[in-house]
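Student: The structure is given below, and queries will be raised subsequently.
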Amino acid sequence: MNGFALTLSPVFPIGVIGLLLSLGLAAVGALYRLNREKLGKKRALILAMLRMAAVVLILVCALNPARAVRQEQTVLPAVAVLVDMSATMGQPVADGKATRLDQARALLSGGSSPLLPALKERFRVDVYGLADAARPLAADELAGLTAGGNKADVGQALTALGGRHAAALLLSDGNVGWRNAPAQAVPVITVPMGNTAAYRDILIKAIKAPSLAFRGREAVIDVTIKSYGYAGLTLPVILKDSGKLLTAKDVRLDASPAEVTTSLTFIPDSVGRKNITVTVPRQAGENLTGNNAVDFSIKIIRDKTRILMVSGTPSVNYRFMRRAFKSDPSIDLLSFVILRTPSDILNVPTHEQSLIPFPVETLFTKELAGFDLVIFDNFNYSLYLRPEYLENLQQFVKEGGGFAVIGGPNLFNEGRDGMTPIAELLPARLGAEKFYRRDSPVGVRLSPSGAWHPIMQIRDEFKKDNPEQKRFWQEMPPLDGINLMDAKRSAAVLIESADGIPWPILTVSPHGNGRVLLLATDYAWKWYMGMVAAERGGQPYLRLFHRMVRWLAKDPDLDPVQITLPETGVVAGREVDVRIALQGEDPAGVPETAIGASVFDPAGVKIASKLKPLPEAGAYQVGFPTKTEGIYRLMVETPAGPQEASLIVAGPQERLDAAPDHDILKKIADATGGKYTAPGDGLLRAIEEYTRKAEERFVEEKRVPLWANPVVMAAILGFLSLEWFLRRRWGLS
Amino acid sequence: MISRRKFIARTLGNVAGWLIAGARPSLGALYPHFFFSQLKYRGGEWDPNPTYAGAVVEELELRTSIDALRERRVIEVSDPTLFYTPFLYMVGRYEFEPFTDTERRILKRFLTFGGFLLAEDTVGAGGFGFDRTFRREIAQILPEYPLERLPPDHSVYQSFYLVGSIAGRLKTTPYLEGITINNWTPVIYSQNDLSGAWSKDKYGKWVHECVPGGDLQRKVAFKIGINIIVYSLTADYKTDLIHHPFIKRRQNL
């Protein structure tokens, strides 16, 4: 309905305006009467008329008269077009050429009758891309759109749109998130993309694996395989540890689609973080192959540290070490004490003595790998171990085992076997002087390396070069016997003799992947009894031996370098920062040039080596890009030895189920009161049907104030000015 | 080949080390892994068999791999080196003066935290003389732990020899007694006069006859002596699982 009308909107109550008008008229009447006597009837009437005209005009303005113009308007309904652009939309529809996103693009803007221009003629159209979340798309963006990103939640997207639209059009393959219709949901017309019948794929859908497993105990990995288009196929599921086959199991895919869960078991044989890969072989015709493998890691820990200790003779030192090891429930000790040597004469038949044969062959061939740590305690091994057993022992350490030698007069065949493989292993070599000294007791002191080494942190307050720690060792009772050896250049001396020549007493070093330790005395037990004599308890001795074992057995908490990797899973494409912190060295004594880090990508190519110092002493950071999925290896070199860590980077297709899921589109349409419809001519009509109810008409009214113009103001001023002029002319003041 | 400079430095260092180390409590040089430290106490007769050590240590060295010293060492409870004695030996015939409270505290700490004591009554008369005083004193030193007969499968009977019978110079009690704390027996008590059976005079002749078994009984005394010494150095080593089948098989023969 169009037209116009005059309206009044008084600025004061109408009574007040009437009163003012009355007062004005009364004043004009009084003025006329006064002037009539002086100027005559005619002139007084002119002045009164002019004054009255000004008063009336002012009061008319107070009534606020306006001209109201009415005009009827029609508003086009708004429609949201949601184009799914998540990764699965990059899959081919059927023939291997056009993707599902291409299919959506063609529907909107391709062909002879594109949908988008037709929509724009009838509706206000907002186009959104849907991957991770809804994102408005510019008009020219649709043509260059590529598939990528995670599937978005449609409910959240509708909430974000805020109910501003009459309806939404969703073009998707159904790989979207959906729970319930949100409060702001508008009817959603869903249009399926992709072809469910033509899709063929086998993927590892889920892995159920423990984050922690025990070495030597069976670990179970549950693998769920999903398949499309391979009914009747039997294929193997393969479990590998850094490329080494652990186990494999066949599964049969009975139907299509099919979902099968199978359990794979393996027994971890070493501790540390294992990079496990589960794969299923690629099949001909698969749409996706990047989802045929999943990498994950499991931390393997030892339920017990298995120690093989061979003592060359019964001794107090053996008894106290045994006491230390037995006091730790995480240690499983197998010890052999050589109670008699071949030169000792047995005076009784075998059944009257308790000696058992030393199963040296079994221990140093088949069983050796089952131990974490081998200890020779004052053991003249050359009498019992053939050279090949010693080589086995050397190999055992190279492959990651721990080896400790406790000193005494019997060691190294009383000093005569300096060049055996054992001597090569040890962190110290025979000195030029006599091999073993028991002629005068020697005190000990902590070396500069010892102050920082994790083994020596036997009390919490000993952290970081505490003077208390030095005093603790200076107060230890002297040792009655020590082996006189020279530390190798690659070794770290933790404790040395304090009286006279600083002979190394406790020396450690890495060897291959393993670690070795030399305690060059058979009187360490005096440290225990010295503490007892001083009424300070024996705990420091026990902790020292426990920490020696943990360090030798490569307990990660006692590693010389702590490497901190990103905690959550990393997807290829991200920049990753890794923190490296020294804990076995005095940072002040380690120049930056002595620390090196190298990062290798899954193909073994070195991609980063630059260390960035962090504000904290001894801490560094190395950053690197992850362009491809796979296992990235980090090698750190420090004076305390090398340290290795690995990071699993997942690929964008890992665990990706890209099969079209048109059922979920039907659910979305049902839940929002919309419609599931295939692309075609009926689509536009369906949209119109859902938007018709929302079409809005309204009357627009425009109001133009009549007094608010210069003519009225000029008229008021004109009347008052003319009155004033005539009064002056006619001789009135 | 050592350089002259290194040789002089090391020699001077060793001399300095010897001088400095002498200031701290230590048994000093040349004490090997095993030696007898005999406790000298007040009253009674603390040393009834002064020549026992040589023969039993000679036997120990002949039969085992243990590095031992034939001379005994005499020590008092108040000696600060008590805690560095691997094997404390206490023997007597008669009642002796009670330990002081300080001595009891020292002995308690020594025995609770790793020390070892072999005590012997050479008379073998239960309830009299040394036996009565020792039982009273040890009950005051370790009141929480009773002195009990050691079971036949105790490690001390299997530590080197498989010992079936118990005897010394006498054969009055067919068992050893002991105080056991957490699988370790720091106190072993004998009433058969083991050291009497081990004693030789300066001419190499046995000081005492073993009654009633003669030399066969003396052999048993030496076996028990060696077993106790090996036990003091290896604790319950023979209880490890790996020994079980061998020991069982031999005991069933």
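Chains P and W are the protein sequences, given in the same order.
Numbering-wise (the numbering used here), the first sequence opens with residue 737 and increments by one.
Numbering-wise (the numbering used here), the second sequence opens with residue 5 and increments by one.
Ideal Cβ positions, reconstructed from N, Cα and C, are used throughout, including at glycine.
Predicted model only: the values in this text are computed from it and were never measured.
1. Taking the DSSP output, what are the residues bridged to glutamine 1357 of chain P?
2. Quick check on leucine 1230 of chain P - is its C-beta less than 8 angstroms from some C-beta in chain W?
3. Could you tell me whether any Cβ in chain P is nearer than 8 angstroms to the Cβ of leucine 237 of chain W?
4. Give me the Cβ distance between leucine 1075 of chain P and proline 1050 of chain P, rounded to the nearest whole Å; I'm assuming they're in contact under 8 angstroms.
5. Can you tell me which residues form a DSSP beta bridge with valine 819 of chain P?
6. If you count every other CB in all the chains shown that lies within 10 Å of the CB of tyrosine 207 of chain W, and 16 or more means buried, which is it?
7. Please list, in chain order, the chain W residues whose beta carbon lies closer than 8 angstroms to that of leucine 1280 of chain P.
8. Can you tell me the Cα-Cα spacing of valine 1297 of chain P and proline 1190 of chain P, whole angstroms?
9. Could you check what DSSP says for glycine 26 of chain W in three-state terms: helix, strand or coil?
10. What does alanine 254 of chain W reach in chain P if we use C-beta pairs closer than 9 angstroms?
11. To the nearest angstrom, how far is the alpha carbon of alanine 741 of chain P from that of glutamate 1459 of chain P?
12. Near serine 1047 of chain P, what residues of its chain come up, given a Cβ to Cβ distance below 6 angstroms and the 5 sequence neighbours on each side ignored?
13. Does the separation of the CB atoms of glycine 1136 of chain P and asparagine 1249 of chain P fall below 8 angstroms?
14. Looking only at C-alpha atoms, which of P/Ile1218, P/Gly1186, P/Val1229 sits nearest to phenylalanine 1208 of chain P?
15. Can at least three beta-carbon pairs, one atom from the region 1208-1218 of chain P and one from the region 1172-1185 of chain P, be found at a separation below 8 angstroms?
16. Within the 8 angstroms Cβ cut-off, does alanine 207 of chain W reach chain P?
17. Given a cut-off of 8 angstroms on the beta-carbon distance, is the pair isoleucine 1092 of chain P and histidine 158 of chain W in contact?
18. Which residues in chain P sit within 9 angstroms of arginine 222 of chain W, going by Cβ to Cβ distance?
19. If the cut is a Cβ gap below 7 angstroms, which residues of chain W does isoleucine 1081 of chain P touch?
20. Quick check: the Cα distance between aspartate 684 of chain P and glutamate 1160 of chain P, rounded to an integer number of angstroms?
21. Grouping DSSP H, G and I as helix and E and B as strand, with all else coil, what is tryptophan 1466 of chain P?
22. Going along the chain, which unbroken runs of the alpha helix (DSSP H) with 4 or more residues stay wholly within the region 1355-1414 of chain P?
23. Taking contact to mean at least 3 C-beta pairs separated by less than 8 angstroms, is the region 36-43 of chain W in contact with the region 90-101 of chain W?
24. Figure out for me which residue from P/Gly1008, P/Glu1232, P/Pro1441, P/Gly1416 has the closest Cα to the Cα of methionine 1192 of chain P.
25. Relative to the alpha-carbon of aspartate 876 of chain P, which residue among P/Ala1140, P/Ser845, P/Ala1414, P/Gln1131 has its alpha-carbon at the smallest distance?
26. Residues of chain P with a CB under 8 angstroms from the CB of histidine 37 of chain W: which are they?
27. Which complete beta strand (DSSP E) runs does the region 988-1058 of chain P hold, if anything under 3 residues is left out?
28. With which residues is glycine 846 of chain P paired in a DSSP beta bridge?
29. Taking all protein chains shown into account, decide if arginine 222 of chain W is buried (16 or more other Cβ within 10 angstroms of its Cβ) or exposed.
30. Within 10 Å of its beta-carbon, does glutamate 1437 of chain P have 16 or more other beta-carbons around it, so buried, or fewer, so exposed?
31. Look at the Cβ atom of methionine 821 of chain P, then the Cβ atom of leucine 881 of chain P, and state whether they are nearer than 8 angstroms.
32. Compare the beta carbon distance of valine 863 of chain P and leucine 873 of chain P with 8 angstroms and say whether it is the shorter of the two.
33. Would the beta-carbon of glycine 1138 of chain P fall within 8 angstroms of that of alanine 1289 of chain P?
34. Would valine 234 of chain W count as contacting chain P if we go by Cβ distances under 8 angstroms?
35. If I measure Cβ to Cβ from proline 923 of chain P and keep anything under 6 angstroms in the same chain, skipping five residues before and after, which residues do I get?
36. Taking the continuous beta strand (DSSP E) assigned at proline 90 of chain W, which residues delimit it?
Tutor: To lay it out plainly:
1. Paired residue(s): P/Arg1315, P/Lys1348.
2. No, no contact with chain W.
3. It does; some Cβ of chain P falls within 8 angstroms.
4. Confirmed, Cβ separation roughly 6 angstroms.
5. Within the DSSP secondary-structure output, valine 819 of chain P pairs in a beta bridge with P/Gly865, P/Leu907.
6. With fewer than 16 Cβ atoms within 10 Å of its Cβ, tyrosine 207 of chain W is classed as exposed.
7. Neighbours of leucine 1280 of chain P on chain W: none; closest Cβ ~15 angstroms, over 8 angstroms.
8. Rounded to whole angstroms, valine 1297 of chain P to proline 1190 of chain P spans 10 angstroms at the Cα level.
9. At glycine 26 of chain W the pLDDT is 40, less than 50, meaning the model places this residue with poor confidence; the figure from the coordinates comes in the next sentence. Collapsing the DSSP output to three states places glycine 26 of chain W in coil.
10. It is arginine, not alanine, that sits at residue 254 of chain W in the sequence shown. Going along chain P in sequence order, the residues near arginine 254 of chain W (Cβ under 9 angstroms) are Thr1086, His1087, Glu1088, Gln1089, Ser1090.
11. Distance between alanine 741 of chain P and glutamate 1459 of chain P, taken at the CA atoms: about 35 angstroms.
12. Close CB contacts of serine 1047 of chain P within its chain, under the 6 angstroms cut and outside five residues either way in sequence, are with Tyr1054, Val1073, Asp1113 (chain order).
13. Cβ distance < 8 angstroms, so glycine 1136 of chain P and asparagine 1249 of chain P count as in contact.
14. The residue with the shortest Cα to Cα distance from phenylalanine 1208 of chain P is P/Gly1186.
15. Contact between the region 1208-1218 of chain P and the region 1172-1185 of chain P is established, with three or more Cβ pairs separated by less than 8 angstroms.
16. According to the sequence provided, residue 207 of chain W is tyrosine. The question's alanine does not apply to it. No, no contact with chain P.
17. Between isoleucine 1092 of chain P and histidine 158 of chain W, the gap from beta carbon to beta carbon reaches 8 angstroms or more.
18. The premise fails here: arginine 222 of chain W is roughly 13 angstroms from chain P at the closest Cβ pair, so nothing lies under 9 angstroms.
19. Near isoleucine 1081 of chain P (Cβ distances below 7 angstroms), the residues of chain W are Leu66, Arg67.
20. Since the first residue shown for chain P is 737 and the last is 1469, residue 684 of chain P is missing from the structure and cannot be characterised.
21. Tryptophan 1466 of chain P falls in the coil class under three-state DSSP.
22. The qualifying runs are 1398-1408.
23. Segments in contact, yes.
24. Selected option, being the one with the closest Cα: P/Glu1232.
25. Considering only P/Ala1140, P/Ser845, P/Ala1414, P/Gln1131, the residue with the shortest C-alpha distance to aspartate 876 of chain P is P/Ser845.
26. In chain order: Thr1049, Pro1050, Ser1051, Val1052, Asn1053, Asp1258.
27. Entirely contained in the region 988-1058 of chain P, the beta strand (DSSP E) runs reaching 3 residues are, in chain order, 994-1002, 1008-1015, 1029-1037, 1041-1047.
28. Bridge pairing for glycine 846 of chain P: absent [DSSP].
29. Under this definition arginine 222 of chain W is a buried residue.
30. Flag for glutamate 1437 of chain P reads exposed.
31. Judged by beta-carbon spacing, leucine 881 of chain P lies within the 8 angstroms limit of methionine 821 of chain P, meaning their Cβ atoms are closer than that value.
32. Going by C-beta atoms, valine 863 of chain P is nearer than 8 angstroms to leucine 873 of chain P.
33. Yes, the Cβ-Cβ distance between glycine 1138 of chain P and alanine 1289 of chain P is below 8 angstroms.
34. Yes, its Cβ sits closer than 8 angstroms to a Cβ of chain P.
35. Taken in chain order, the residues that qualify are Ala903, Thr1408, Gly1409, Gly1410, Tyr1426.
36. Unbroken run through proline 90 of chain W: none, as it is neither H nor E.
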